[in-house]
Every structure is written in structure tokens, then in C-alpha cells.
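Q: Residues in the sequence shown are numbered from 1 upward in steps of one, following this note's numbering.
Below you'll find the structure I mean.
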Amino acid sequence: MWGKREDMLVHEESPYNAEPAGSALVDGEVTALDTFYCRNHGEIPDIPGKKWRLSVTGLVNHEQDFTLSDLESRFETRSLVATLQCAGNRRAGLIAVRDIPGEPWESGATSTAEWRGVRLSDVLSACGVRTDGPLHVEFTAPDVADEATPPQQYGSSIPLSKALSDEVLLAWEMNSEPLPRVHGGPVRVVVPGYIGARSVKWITGIKVQDHPSDNYFQSTVYHILPADADPDSARPGDGIPLSSVALNCDILEPADGATVPAGPLSVHGYALAGDGRGIARVDVSLDGGRTWAQAELAAEVSPWSWRRWSQVVDATPGPLTITARAWDTTAAMQPESAAQLWNPHGYVNNSWPSANLTVT
Ligand SMILES: Nc1nc2c(c(=O)[nH]1)N[C@H]1C(S)=C(S)[C@@H](COP(=O)(O)O)O[C@H]1N2
Ligand SMILES: [Mo]
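What follows is the structure, given as C-alpha cells:
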């Protein structure tokens, strides 16, 4: 379905929500198009490239509409390797603490692509964007999400200061291919460093305004509620709104629960830092966190991309638990346990990942 590999873990057929197995993310800095996770809140729109229009309105001197060829001809194009991570990534680990409604995403709601398009800042500048005060840039799309009451088109916003940064793109290519429909084609926003929910697909409207978007996906969900809150009675503004992605790392291979032969064992994973930060170090422990050894970090491909890491450990027969943790360039480190950060919507599980193995 949607050109994805057959072994995707499909959480929902319609709208299509699916993630690859962790092991499928090990190969390559960039995730293949048939492997990249899909997170959809409504039915997937079908907008031919020639019919696509983007209208820019609000606190700009010249409101304007753009076609795809306007974007291609009027602005410099740029390519950028960036990782997207859904705020629900690793929710399964929170559900194991206490039940949460919603898709039990494992480790695969994270993927990396090379995106090509134009800088959102160039488009906003061409419209004479106002820069006085703490403004926000709202994105709107035509897909309708039933989970809002009443159903609502998908939308969200980012602060103008982020929107004017070099890395935020209006993208129409992914890994040198036209942006697939399921990933927001003809054109989507890519907001590196922020949770995936801010990278609005099938974007048709941009509005500059003096407050964050009132859209359900900005005002109400994608907020960290206190553990004792009832998510069904959450009102707009309740909880902590998510923007920057959290420092995280994961073990992609071997899979949790695997049986492996004794001897040298290659462990593979990734680490991802929050907005504007880098990964400084990844540590691996074989004794539940009492002692740690440094993993080998692959070279940084882009400041907005995950850092892949690996470590060869000596696997001796019996049960073996591998635990990992990442540090960022501000010396912040991941929280230890999922129980510490359990929240009613099940967002941002960035606790230390572990893989429980049997060595034979
Ligand atoms: N229009 C629209 N944009 C959207 C969504 C959506 O449902 N509709 N889902 C968001 C969420 S929650 C995530 S994590 C990313 C997922 O992007 P992908 O499906 O290309 O992986 O898209 C974001 N953009
Ligand atoms: Mo998401």
C-alpha cells in the first residue's frame, strides 16, 4: 500500500499509519521511500501538482498565491538531510507502563530523508512578512481529521523566528523523487528539529499571525498533559505544547526479544538531538546502567539528521540486556525510565532504550 514495503507494521489502513521495523532503519543515513514511516490523521488528499496553490496571508505587506512553478522559478532551491520523528514514536514503551489509547508506535516512527525545495523564509520575505513582535506562522492543509470534535482540517503553527531560519523548507522532492502523495505531495513543510506534527503535508495555506494556531493539532493535542489529567476533557491550552523534538536514541538492531549467537555482536542504533543541539555521545551498558562504554558515532551528515551509532559487544551465553543513552551538546541526557515520563497522550518517550536478548 502507498508503495511501502510489505513488512511495514501497519497500525491503521485508512488513514494509512505505518512504521518500519527498527532493523529496516539501520541501512543508510537516509531512509528509503518504501521504508519511511507514515503518520496520517485524515484521508490522503489527491492534489495534482499543476492544480496546487499556496496562499500566504495575514501579517504580510503583500498577500500572494504561489503555484509550484512560481516556487521553482522565483526562489533558490536547496536540499537538506533531516530526520522526522513523530511525538508518538515509542509510545508502546509508555503503554507498557499504563494503557494509552492511540497507535502503539514502536521505534519506527522516525525516518530521515533528503528534502528539496525552497526556504520558507524566502517565500515569507517575498510577501513582505512583518517581523515586529513574537509572531507565529500557521500552516493549513485540506485533509480532515475525525479525531477533532467537530472534524477539522489538519493544521499547526511554528514561531516566526523558527519559520525564518535557514532550515525550514517548502519541499516537493524527497530522496530526489517527486514528494510521494502519502508524504504530502505535491508540497509539504519540513521543520527540522521540531516534532513531525509541525511538518504539515499538502500545505495550501500559510498565515502570519500574532498567536499560535487555534487548530486542534496545535492547541489541544501534541501537549504533554500531567499524568493525572483526563485526556478526553483536555481543553485548548492545557498541558505543555510540543515544538522542539526531544533528545532521544534507540537500539535498532538486534531487536528486543531476539536470540543471537554467542561471540562479538554488532549493535546498531541512532541518536537525535533537539532543535539546534547536537549529539555529543552515546553510551551502551550491558549491566542495566551500572557501567557504560562509549558507542562509535557515525559522522554527522547534517545538523538536522540523526547520528547513527554502533558498538560491538561480547555476547556470552544466557540472557543479555543492552541499554543505551545519548547526551547532547549541552550535556543534557535522556531520562532513565518510561514510568518517569508517562503522560496521558503517550508522547515523547525518550527514556533509555533497551533490548532483551537470549544468547545461545
Ligand atoms: N496535513 C497533514 N500534515 C501532517 C500530518 C497529517 O495528518 N496531515 N501528520 C503529521 C504528523 S503527526 C507527522 S509525525 C508527520 C509524518 O510525516 P510522514 O507521514 O511523511 O512520515 O506529518 C505531519 N504532517
Ligand atoms: Mo506525529
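Even glycine gets a Cβ: it sits at the ideal position worked out from N, Cα and C.
Excluding the 5 residues preceding and the 5 following R198 in the sequence, name in chain order all residues of the same chain whose CB lies nearer than 6 Å to its CB.
A: Taking the first residue of the sequence shown as 1, we reach residue 198 at position 198. Closer than 6 Å at the Cβ level, and outside the excluded window around R198, lie S156, I158 and V191.
Q: Could you compute how far the alpha carbon of L25 sits from the alpha carbon of T329?
A: Numbered from its first residue, the sequence shown carries residue 25 at position 25. Numbered from its first residue, the sequence shown carries residue 329 at position 329. Using only the alpha carbons, I get a separation of about 24 Å.
Q: Work out the CA separation of N356 and R39 for me, nearest whole Å.
A: Translated into the one-based positions of the sequence shown, residue 39 becomes position 39. Translated into the one-based positions of the sequence shown, residue 356 becomes position 356. Whole-angstrom Cα-Cα distance: 28 Å.
Q: Which residues mark the beginning and the end of the alpha helix (DSSP H) in which R74 is found?
A: Taking the sequence shown and counting its residues from 1, the one referred to as residue 74 is at position 74. Unbroken alpha helix (DSSP H) run through R74: L68 to R74.
Q: When you compare only the Cα positions, how much space is there between S161 and E167?
A: The residue you call residue 161 lines up with position 161 of the sequence shown. The residue you call residue 167 lines up with position 167 of the sequence shown. Their backbone Cα atoms lie some 12 Å apart in a straight line.
Q: Given a cut-off of 9 Å, decide if D146 and I44 are closer than it, judged by their beta-carbon atoms.
A: Locating residue 44 in the sequence shown gives position 44, counting from the first residue. Locating residue 146 in the sequence shown gives position 146, counting from the first residue. Contact: no.
Q: Report the residue from P15, R308, V301 and S337 whose alpha carbon sits nearest the alpha carbon of G289.
A: Reading the sequence shown from its first residue, position 289 is the one you call residue 289. Looking at the Cα atoms, S337 is the closest of the given residues.
Q: Can you tell me whether A197 sits near ligand 2, meaning its C-beta is under 8 Å from at least one heavy atom of the ligand?
A: Your numbering for residue 197 matches position 197 in the sequence shown. Within the cutoff, so yes.
Q: For the alpha helix (DSSP H) containing I95, name the first residue and the last one.
A: Locating residue 95 in the sequence shown gives position 95, where the first residue counts as 1. Run containing I95: R91 to I95, per the alpha helix (DSSP H) assignment.
Q: Quick one: grab the DSSP three-state call for K51.
A: Here residue 51 corresponds to residue number 51 of the sequence shown, with the count starting at 1. It is coil, neither helix nor strand.
Q: For the putative contact between S354 and I322, defined by C-beta atoms under 8 Å, what is the C-beta separation to the nearest angstrom?
A: On the sequence shown, residue 354 is found 354 positions in, with the first residue counted as 1. On the sequence shown, residue 322 is found 322 positions in, with the first residue counted as 1. Right, the Cβ-Cβ distance comes to about 6 Å (below 8 Å), so this counts as a contact.
Q: Going by Cα to Cα distance, which pick from Q340, P335 and S266 is closest to V312?
A: As a working note, residue 312 is residue 312 in the sequence shown. The option with the nearest alpha carbon to V312 is S266.
Q: Here's the rule: buried if 16 or more other CB atoms are within 10 angstroms of the residue's CB, otherwise exposed. What is D132?
A: Residue numbering aside, residue 132 sits at position 132 when the sequence shown is read from its first letter. Exposed: under 16 other Cβ atoms inside 10 Å.
Q: For the region 290-341, list the beta strand (DSSP E) runs that are entirely contained and at least 3 residues long, ordered along the chain.
A: Listed in chain order, they are 307-315 and 318-328.
Q: Less than 6 Å between C-beta atoms, sequence neighbours within five positions excluded: which residues of the same chain meet that for S243?
A: By one-based count along the sequence shown, residue 243 stands at place 243. Around S243: Y194.
Q: Rounded to the nearest angstrom, what separates E173 and G196 at their Cα positions?
A: Within the sequence shown, the letter at position 173 stands for residue 173. Within the sequence shown, the letter at position 196 stands for residue 196. Straight-line Cα distance between these residues: approximately 17 Å.
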